[in-house]
Amino acid sequence: MAATDLFARRATLARSVRLLAQFRFEQSAPARFYGALADDTAALVTDLWRGVRGDDPAGATLLDVGGGPGYFADAFARAGIDYIGVEPDPGEMHAAGPRPANAAGTFVRASGMALPFADDSVDICLSSNVAEHVPRPWQLGNEMLRVTRPGGLAVLSYTVWLGPFGGHEMGLTHYLGGHRAAARYTRRNGHPPKNNYGSSLFAVSAAQGLDWARHTGALVAAFPRYHPRWAWAATSLPGIREFLMSNLVLVLQPGRTH
1225 MAATDLFARR ATLARSVRLL AQFRFEQSAP ARFYGALADD TAALVTDLWR GVRGDDPAGA
1285 TLLDVGGGPG YFADAFARAG IDYIGVEPDP GEMHAAGPRP ANAAGTFVRA SGMALPFADD
1345 SVDICLSSNV AEHVPRPWQL GNEMLRVTRP GGLAVLSYTV WLGPFGGHEM GLTHYLGGHR
1405 AAARYTRRNG HPPKNNYGSS LFAVSAAQGL DWARHTGALV AAFPRYHPRW AWAATSLPGI
1465 REFLMSNLVL VLQPGRTH
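The number in the working numbering is simply the position in the sequence shown, starting from 1, with 1224 added.
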């Protein structure tokens, strides 16, 4: 079975439309948006694990790099996966308010660029929509591979800069250039964007991610995260894919036999 076979059955047009409808709530109703995204991500990781390993991930340990306030913890707990969230920003970590004492997951304040975990210490390492927010995304990727056990799974998913959502809350104005888009947003809204180009948002291409992943020797699969299965061919179209894909998923298995 190919790594993506199970998830491919889930990657329908109806799923794409459903997720797209949730994006408009990212800032106005984050619990709604991130809750839906978390459930979809847990299903994605579960399908990929089963595709690569052939068994169920229940009982596996997952490290979520850039886990934020814990929406993903609840979703992975429901899947039976032990969740550890890493978040460098205390504001983000507590953005959803205090978590109950009996809430799922363990949380660590740390940078994904230098994870405070031993080599080969987790079964799954996930980074969802974080790589475009750090100045050295492939250092983050290398850290993810370092802490993942041989035969485990590393899933790095990020927003492609030239895709339709590359500008985040700046909308399509990022096609004018990152700095120009940020200045325009500031003029119109009276404050800079949360994801400010050059400091908390960077231009990361699909080509860069694919090149890094191939050079690791651990790449298992690469596909657009939110597209239906019939549109996955966009991944293999240099140049055009930068505009067609909103988000690229890189699936890696450290220590796999080549």
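Note that CB positions come from ideal geometry on N, CA and C, so glycine has one too.
Computed from a prediction, not measured in an experiment: that's the story for all the values here.
Nearest in C-alpha terms to Leu1286, of all of Ala1446, Asp1347, Ala1355, Arg1274, is Asp1347.
Taking Asn1353 as reference, the option from Gly1376, Val1332, His1439, Gly1336 with the minimal CA-CA separation is Gly1336. Between Arg1412 and Thr1397, the CB-CB gap reaches or exceeds 7 Å. Only residues of its own chain outside the window of five on either side were considered, and among them Ala1262, Asp1263, Ala1266 have a CB closer than 6 Å to the CB of Ala1299, listed in chain order. DSSP places Tyr1307 in the uninterrupted beta strand (DSSP E) bounded by 1306-1310. For the pair Trp1385 and Val1428, the CB atoms are nearer than the 7 Å cut-off. For Phe1426 against Glu1356, the beta-carbon gap comes to about 6 Å, under 8 Å, which counts as contact.
Leaving aside the five residues that flank Leu1369 on each side, the residues in its chain whose CB is nearer than 8 Å to its CB run, in chain order, Cys1349, Ala1378, Thr1440, Ala1442, Leu1476, Pro1478. As the crow flies, the alpha-carbon of Gly1414 is around 45 Å from that of Trp1273. Taken in chain order, the complete alpha helix (DSSP H) segments of 4 residues or longer contained in the segment 1433-1478 are 1465-1468.
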